[in-house]
Every structure is written in C-alpha cells, then in structure tokens.
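One structure is given here, and the rest of the page talks about it.
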Amino acid sequence: MFDVKNVLFIVALIALCFLAIPVKVSKPNLEQKLELFSSFQQRYKKSYSKSEHDIRFKNFEKSLDIIEELNKNRQSPESARYGITEFSDLSEEEFKTRHLRHSVNKHVLMSHHKHHDHHHNHVKKRSITTGITIPTGIPVKKDW
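For the sequence shown, our numbering gives the first residue as 8, with consecutive numbering after it.
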C-alpha cells in the first residue's frame with residue numbers, strides 16, 4: 008500500500024500547486040467597457056448625442072477605475088462592495104453640483120453679532136434660504 012509520508016507529501020504538493028496559481032482578474036478591455044456602458048444606458052434609460060456619448064463614456068470609464076480601486080481595498084467580505092450606479096456617467100464635479108448639498112457655510116450666514124457667555128464665543132446664525140434665526144448659545148467651534 009501507500010506509505011503515509013508519501014501520501015501526505017503528494018497531498019501537500021498538490022495543495023501548493025493550487026495555492027501557487029496566481030488569481031488575477033484582468034481589467035475590462037475597451038470592448039467590454041463599451042458593452043458595460045451599453046448595458047448601463049439600457050438599465051438606466053440614458054441616451055446621448057454623439058458628442059455627449061464620448062464625454063459620458065469617459066466619465067463611465069473613470070467610474071469603473073474608481074470602483075475597481077475601492078473594491079480592491081476591501082478588508083473583508085462584509086466590507087462595502089462598490090458597483091455601477093445611475094450616476095456612473097457623471098463627472099465628479101457634475102455629481103457634486105447636482106446631488107450634494109452645498110457647504111454648510113454657504114447655507115448659513117454668520118452675523119457679526121458675537122455674544123460672550125462663559126468664555127465661549129457664540130455667533131447668531133441666520134439661514135439664507137429660510138431667514139429663520141438659529142438659536143444662539145450654540146458654539147461655532149468646540150475644542151475637545
């Protein structure tokens with residue numbers, strides 16, 4: 008029959024062969040990216056003029072690169088998994104402009120009336136959009 012040492016050696020050798028095979032998923036080539044973009048357009052019902060198509064495709068390619076980079080850095084199976092969304096054809100600037108709120112500093116106007124209370128500087132704030140005065144007594148900055 009087989010010697011136990013020989014069997015273990017063969018099993019270990021086979022296991023090493025499987026561990027030594029590099030697993031690499033290649034980046035999609037141009038044709039695959041165009042297919043993904045076409046699927047993206049169908050899924051999200053997007054259509055573009057010829058000139059806009061090229062711009063949107065370049066934005067889409069950048070999104071694919073970002074998605075790949077973010078997914079490459081996943082720490083565990085429970086980590087966030089990134090993918091194509093309805094916003095994948097937007098440039099970073101377009102996305103910020105259309106879908107993110109402006110900085111709080113742009114929405115809240117600070118008046119020049121400062122109140123000194125218990126060694127804290129408090130600023131009376133007024134919302135630009137509603138004109139509602141935000142209560143004083145809330146510190147502008149908190150130093151932990």
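Positions of the beta carbon are idealized from the N, C-alpha and C atoms, including for glycine. As the structure is a computational prediction, the values presented were derived from the model and not from experiment.
Counting of Cβ neighbours within 10 angstroms places residue 97 among the buried residues, the total reaching 16 or more. Segment contact: the region 37 to 45 against the region 58 to 74, three or more CB-CB distances shorter than 8 Å; contact assigned. In the three-state DSSP reduction, residue 72 falls in the helix class (H, G or I).
Secondary structure of residue 36 (DSSP, three-state): coil.
Shortest Cα-Cα distance from residue 62 to any of 99, 151, 49 involves 99. Here residue 48 really is in contact with residue 54; their C-beta atoms are around 7 Å apart, less than 8 Å.
From the listed residues 10, 150, 71, the smallest Cα separation to residue 39 is found for 71. Secondary structure at residue 92: coil, using DSSP grouped into helix, strand and coil. The Cβ neighbour count for residue 86, taken over all protein chains shown within 10 Å, is under 16; the residue is labelled exposed. Ranking 50, 10, 150 by CA distance to the CA of residue 93 puts 50 first.
Residue 83 counts as exposed, since fewer than 16 other C-beta atoms from the protein chains shown sit within 10 angstroms of its C-beta.
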